[in-house]
Amino acid sequence: MGTNSYDVVVVGAALSGLCAAGAAAQRNRKVALVATGPGSFVNGPGWLRAQEILRASAAPELREAIAFYCELARLAGCPFAGDLSTARYLPTVLGDFQSVALAPLSLWKAEPRDGISTAIVGVRGLSIFDENFMAERLTERARMMSSGCTYTARQVPLSREMGVPVTTLRVAELFDRDHGFRAELIDALRTAASGFERILVPGMLGMNSSAAQIAEFQRELGCPMGEIPTLPPSIPGLRIFHRLESYLHQIGVELYRGFPVDKVVIHDGLCTGLRVASPGHPLHLRCESAVLATGRRTANPLGGEFAGCDQQMRPLTSTGSVIARNLFIAGPLPHTDGANHGNVLHILTGYRAGNLAASTRGNHAAR
Amino acid sequence: MRLDDLAMDNCLKCSLCNAVCPVLAVHPLYPGPKRLGPELERLRREGLSTDTEWVEYCLGCHRCDLVCPHQVNVSEMIARAKATHRKPLVRGLRDWWFARPGLLGKLTTILPALSNFALSMKPARFLMSKLMLIVPQRKFPSYTRPDLRAPVMTGKELERVVFFPGCFIRYNRPDLGRVVIDLLERNGLAAEVASTECCGVPAMANGDAAAARAAARANVKALAHHVDSGLRIVTACSSCGHMLKTGFSGVLQDDKEFAGAAQKIANNTFDLAELLMAQSDAGKLNIDFQNTNLRLAYHAPCHQRSQGIGRPWYHLLRLIPGVTVEDLDAGCCGMSGTYGFKQEKYTVSMEIGKELFSSIGAARPEMVATECATCQMQIEHGTTFKAIHPAEILLQAYDERCSG
């Protein structure tokens, strides 16, 4: 039977790894996801910048891949708004706007709107969120963009012991765990919101919360509301990771959390398994095919042999021969240019690699 | 340069460890693993005084280590700081005992009935809370005279393994030890019970480095010849398993005499379920289970997760026809061995457990399966559900027809 045998083993839990695992699982493959923590996308807002979409526009599967990702995120309870062809300006904590094509709903709702009086509501003692600075900067930036949106700073105190300094992490933890805290937060925000048509709050509405839970919070608040992501860790980014990871777990993806893959086992041009550096003795995962989505800055288990990949995303040696026919590379691993290719590259390559891996049978096919 | 010196520089302060820390989630003033681990470690290495009582609040659950994208050994740094922390006298005394469950077991099981009577008496519990700062709300596990049966040689060709029972099985639940031995035997493995001491996890958790080193040395002495003759070691307690796989080699890494043997023991230690899964992969797992109608919820103990072996119990239990298992994946139970018994940490312990308790409540299982004895205690303390070791369920499933 072989418990540690899988159709597809994916290494890395950045958006590329999560998409690859999701794509393979949706095609009814038995999938394992091995990761040491989430990818670095959790340090950012988790939105897809218009510029990244433009850069990837030559890829034939772009539309399909983004549609797949949006559906995956929707199923996981963190739906995205927007599409490939439009761009909206979403505010950042530095009081600027970024041009964004798609974003989680709660961030999307922070877009500037003409003639809508908007309060930026900070929390007393909260680090890395200065509502006065943001309101001033954003009003000025909106004016330069000929938008009639104006911003006013407000601050709410919270009665509980919040730690010094207060972090969005702490607020998000309480939001997730404590019903009483949510009620208190609603009361405080409602007072701050009076006289405004909309409020924007720091990205802090739960690390695990679903869009439905945030919508319920907003309904009780009785005022349109958007989130502005803070850094790091960015609560909206972490939320996407937690929701996607638990959705994958729910649809049967086996999660191996905590230890890196230190060896890819290759026989006669086929990857037969991966070795996980668990304590004591390694854990061997056998596979029909595998996706390496380990990222550029973390250890690459293929080592010096790896020198890029071919059109089918298979890893190549420096002489151009395929290292393993059933091994696929996703994420920024093959890109040595140092540029930040962002979330779109992850989604695109993850989706492609997941599909390629799902339709590839390794040397156990005769099983 | 040692690996952990590099690990400190690998910390990019991303705060993911803080995002998963169970203590930080319930205690607003706890500085969190990032600060207590790599940040203060820099100052500690420089010999600066950074002693803080907060290091005592680390559960040792290793969730920070597991989530770190750069494999920084956060909790190990905190454990080392714990070992140099100076405690007030009474707490120091209490923790001296808590660090030595083996000694406690040896003494109480001289006259188990008397010990159990004394430990369950209200006035005694009241006195313990006043004099020893041990919460009166918690029940102590009852002690039994050690009675671990030697393997029964049935004449079948069995592969020999060494069973490391640990204190809980040895002094509180030798019957569970016999279940483990029986289970192994039905799967082609003859278990010999190792004459070992406490694994040393309680000593590490209570900041007693000397006791941890003594325990590790004694155990390495007792186990080395077994692994030298090619036997595998099996543990049924996740904390013992964690210690054998990581702790002995960690505690003894600078010990010329023992470091090599400790590493060899780590390489050859298997969790019971991990070993059964290995038997399964070799086609030797006995799957002659009887139909057992049972709805289970499974809680993976932190020290099971920190072994990086996947979810072998979850998959084994699902092999039994008629059994449904829900993997709770609801975080740490908050007990962390002796932590939950400490008066000043009781509230934190129970607050951490809330998420698990409510997820058990929502799953409404007939019982909870979890292999850690103190997780079981915490679940039974915080909910109305019974919690047992999955080995008992598995063994019973072989016999279900006879008994039912």
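These protein sequence lines map, in sequence, to chains Y and X.
For the first sequence, numbering that gives the first Met the number 0 assigns the number 0 to the initial residue and increments by one for each residue that follows.
For the second sequence, numbering that gives the first Met the number 0 assigns the number 0 to the initial residue and increments by one for each residue that follows.
We put the beta carbon where it would ideally sit given N, CA and C, even for glycine.
No experiment lies behind these values; they were computed from the predicted model shown.
Taking 8 Å as the upper bound on Cβ-Cβ separation, chain X lies near residues Pro231, Pro232 and Leu237 of the segment 230-242 of chain Y.
Taking 7 Å as the cut-off, the Cβ atoms of Gly321(X) and Thr291(X) count as close. The beta carbon of Ala18(X) falls within 7 Å of a beta carbon belonging to chain Y, placing the residue at that interface. For the pair Lys81(X) and Glu55(X), the Cα-to-Cα distance works out to about 6 Å. Residues of the segment 32-49 of chain Y with a C-beta atom less than 9 Å from some C-beta of chain X are Ala34, Thr35, Gly36, Pro37, Gly38, Ser39, Val41 and Asn42, listed in chain order. Taking Gln289(X) as reference, the option from Pro300(X), Arg317(X) and Asp280(X) with the minimal CA-CA separation is Arg317(X). A residue is called buried when at least 16 other Cβ atoms come within 10 angstroms of its Cβ; Met143(Y) does not meet this threshold and is exposed. Listed by position along chain Y, the residues whose Cβ is nearer than 9 Å to that of Asn266(X) are Gly279 and His280.
Approximately 5 Å separates the beta-carbon atoms of Val250(X) and Ala215(X); this is inside 8 Å, confirming the contact. The beta carbon of Ala193(X) does not come within 7 Å of any beta carbon belonging to chain Y, so the residue lies off that interface.
Within 8 Å of the CB of Ala24(X), the CB atoms of chain Y belong to Glu172 and Arg176, in sequence order along the chain. Contact note: His314(X) reaches chain Y through Thr2, using a C-beta cutoff of 7 Å and chain order. Inter-residue distance for Gly353(Y) and Cys69(Y) is about 16 Å (C-alpha atoms, whole angstroms). With respect to the C-alpha of Trp96(X), the residue from Glu156(X), Met203(X) and Leu182(X) having the closest C-alpha is Met203(X). When only Cα atoms are considered, Ala100(Y) and Gly202(Y) end up about 19 Å apart.
Annotation: the continuous beta strand (DSSP E) that includes Ser116(Y) extends over Ser116 to Val122. At a Cβ-Cβ threshold of 7 Å, Gly221(Y) and Phe40(Y) do not count as neighbours. The DSSP assignment places 210-220 as complete runs of the alpha helix (DSSP H) inside the segment 195-225 of chain Y, in order along the chain (cut-off: 4 residues). In the displayed model, Ser358(Y) falls within coil according to three-state DSSP, outside both helix and strand.
For the pair of segments examined, the segment 91-99 of chain Y was found to touch the segment 44-60 of chain Y: the number of CB pairs separated by less than 8 Å reaches three. Pairing Cys148(Y) with Arg123(Y), the inter-Cα distance amounts to about 25 Å. The Cβ neighbour count for Lys255(X), taken over all protein chains shown within 10 Å, is under 16; the residue is labelled exposed. When 7 Å is used as the limit between beta carbons, Gln306(X) is near these residues of chain Y: Ser277 and Pro278, in chain order.
By the neighbour-count criterion, in which a residue is buried when 16 or more other Cβ atoms sit within 10 angstroms of its Cβ, Asp270(X) is buried. Secondary structure of Arg169(Y) (DSSP, three-state): helix. With respect to Thr35(Y), Pro68(X) sits close: the two C-beta atoms are nearer than 7 Å. Around the beta carbon of Ile227(Y), a 10 Å sphere encloses 16 or more other beta carbons of the protein chains shown; the residue is thus reported as buried.
Residue pairing by DSSP places Ile133(X) opposite Lys341(X) in a beta bridge. DSSP places Gly11(Y) inside the beta strand (DSSP E), whose first and last residues are Ser4 to Ala12. Leaving aside the five residues that flank Leu118(X) on each side, the residues in its chain whose CB is nearer than 6 Å to its CB run, in chain order, Phe139. Residue nearest to Arg181(Y) within the set Val163(Y), Arg159(Y), Pro164(Y) and Phe240(Y) is Arg159(Y) (criterion: CA-CA distance).
Just so you know, the alpha carbons of His334(Y) and Gly307(Y) end up roughly 8 Å apart. For chain Y, the residues of the segment 278-302 of chain X that bring a beta carbon within less than 7 Å of one of its beta carbons are Ser279 and Asp280, in chain order. Along the segment 45-63 of chain X, there is no position whose C-beta sits under 7 Å from a C-beta of chain Y. Proximity of Gly199(X) to chain Y, defined by a Cβ-Cβ separation below 7 Å, is not satisfied. Of all C-beta pairs linking the segment 81-94 of chain X to the segment 130-146 of chain X, three or more are shorter than 8 Å, placing the two stretches in contact.
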